[in-house]
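Note sheet for the following structure.
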């Protein structure tokens, strides 16, 4: 087990043309990390993995604990070894939090994870409804999303940062998922302001990228005509 490796099955780019089949089980994924984010087959909700337990925020607003047979087309996981960066006792808007982390760490040219715990205000999340085969494109599927909001909530925001150079392999910049302490609210973060809490970080020296070479649709697809970066920006923000 190494804590300096970020493991990713699939890429964000492969989902752009609608290659949304689950190609790795949760059982296998958890052998590569106890912490992470991702989605399910057909963009089935938003995943957050904490302490080796995988949770799914679904499009109905429910948080489910998912089992070993749940499959994912794309996820980011690692073994947690977070180091405290700072404590916050005055409200910090999400963009300010991102800038603070980058300023403190000087990690902009590598992959890293951020674990922010505490009380958040004005939190808006989304979760996408599961689609069925034949899958539509990422942009079309992501439009079928549900939006959820909490004025104030205690919870955990797990974030991954990827250098812009790797946009397509993952989301260039920050990618945040949220889970409330009560396990009754979560999803992909559209906005979350930290009111009071702790920010911790973990830097990765290695990206281990697993490609679904046993999936015929992936292996035969021509990505040259796909609007990868525009569609990722549309789907993720």
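Residue numbers (our numbering): 2 to 238. Don't be surprised by glycine CBs; every beta carbon is placed ideally from N, CA and C.
8 Å Cβ cutoff met for residue i and residue j
i	j	result
residue 105	residue 194	no
residue 49	residue 117	no
residue 218	residue 6	no
residue 202	residue 81	no
residue 111	residue 164	yes
residue 167	residue 62	no
residue 55	residue 67	yes
residue 196	residue 102	no
residue 23	residue 78	no
residue 211	residue 64	no
residue 175	residue 99	yes
Distance, residue j Cα to residue i Cα
i	j	result
residue 169	residue 11	11 Å
residue 31	residue 53	7 Å
residue 173	residue 120	27 Å
residue 190	residue 147	12 Å
residue 39	residue 91	30 Å
residue 137	residue 127	19 Å
residue 171	residue 180	21 Å
residue 162	residue 13	14 Å
residue 15	residue 228	11 Å
residue 145	residue 17	15 Å
residue 151	residue 20	32 Å
residue 246	residue 231	Within the shown structure, residues of the chain are numbered from 2 to 238, placing residue 246 beyond reach of any answer.
residue 89	residue 153	16 Å
is_contact[residue i, chain B] using C-beta, thresh 8 Å
i	result
residue 119	No chain B is present in this structure, which holds just one protein chain.
Residue i burial status per 10 Å Cβ neighbour count (16 or more: buried)
i	result
residue 107	exposed
residue 213	buried
residue 186	buried
residue 60	buried
residue 2	exposed
residue 142	buried
residue 220	exposed
If you pair each beta-carbon of the region 156-167 with each one of the region 61-75, do three or more pairs fall below 8 Å? no
Taking only runs of the alpha helix (DSSP H) that begin and end inside the region 40-108, which ones reach a length of at least 4 residues, in chain order? The region 40-108 contains these whole alpha helix (DSSP H) runs: 95-106.
Say whether the region 32-44 touches the region 127-135, bearing in mind that this needs 3 or more beta-carbon pairs closer than 8 Å, one atom from each stretch. yes
Taking only runs that begin and end inside the region 112-149, name each unbroken beta strand (DSSP E) of 3 or more residues, in chain order. For the region 112-149, whole beta strand (DSSP E) runs of length 3 or above, ordered along the chain, are 113-129.
Minimum length 3: unbroken beta strand (DSSP E) runs contained in the region 12-40: 36-40
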